[in-house]
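What follows is one structure encoded as structure tokens, with my remarks underneath.
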Amino acid sequence: VPAIISWPGHIPEGVVRDQVSHSCDWLPTLTELAGVQLHQKDIDGLSIAEVIKNENAPTPHKVLHWQIGRGNNPRWAVREGDWKLLGNPQDTSNKASLTTKDKLFLTNLEENVNEMVNLAEKHPNVTQRLKKLHDEWAAKNVK
């Protein structure tokens, strides 16, 4: 999701960043920029202050996760680099013609920006690796 920020005299003007971040990164980012100490214990986000200040700074995220719902059929996603695996995806555009075989939907965001082609069968090792990352994350974070 795009964001526009401005802080004249503190961050560069008129520049674009394409590093990955998450909406939950704003709290730790703004507290760092304001010089406020934040206890990371229960904070999901990571500061992207360095990304804001320096266009060459890497994203602090190696992997991103989200999940909606609990129980046997939650919708979820895990992203690592250009790979994104969706669990129980929902097509709100009604253009993807999802079937039961799309319960795990793998896409490569560099090659398939619109996320319409499921690569899970073509890349089973990537699919299983990302599924394992999600399962481990969910076991720790979803209550």
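FYI, the numbering for the sequence shown is 498 to 640, going by the working numbering.
Glycine residues also receive a C-beta, built at the ideal position from the N, C-alpha and C atoms.
Distance between residue j and residue i (C-alpha atoms, nearest Å)
i           : j           : result
residue 533 : residue 522 : 15 Å
residue 544 : residue 501 : 16 Å
residue 549 : residue 579 : 21 Å
residue 499 : residue 621 : 31 Å
residue 623 : residue 590 : 26 Å
residue 627 : residue 618 : 14 Å
residue 565 : residue 559 : 21 Å
residue 631 : residue 639 : 11 Å
residue 552 : residue 515 : 9 Å
residue 541 : residue 511 : 29 Å
residue 506 : residue 524 : 21 Å
Three-way DSSP call (helix, strand, coil) for residue i in this model
i           : result
residue 593 : coil
residue 535 : coil
residue 603 : strand
residue 616 : coil
residue 549 : helix
residue 608 : coil
residue 625 : helix
residue 577 : strand
residue 504 : coil
Reference residue i; option with closest CA among the options
i           : options               : result
residue 576 : 541, 518 and 640      : 518
residue 594 : 613, 620 and 637      : 613
residue 554 : 513, 584, 571 and 572 : 513
residue 611 : 556, 526, 541 and 592 : 592
residue 596 : 557, 607, 586 and 582 : 586
residue 600 : 566, 607, 571 and 510 : 571
residue 527 : 568, 508, 623 and 561 : 508
residue 567 : 608, 538, 552 and 584 : 584
residue 635 : 551, 503, 515 and 562 : 562
residue 637 : 588, 625 and 539      : 539
residue 616 : 515, 607, 602 and 625 : 602
Supposed close pair residue i, residue j - CB separation, criterion 8 Å
i           : j           : result
residue 604 : residue 581 : 5 Å
residue 546 : residue 530 : 5 Å
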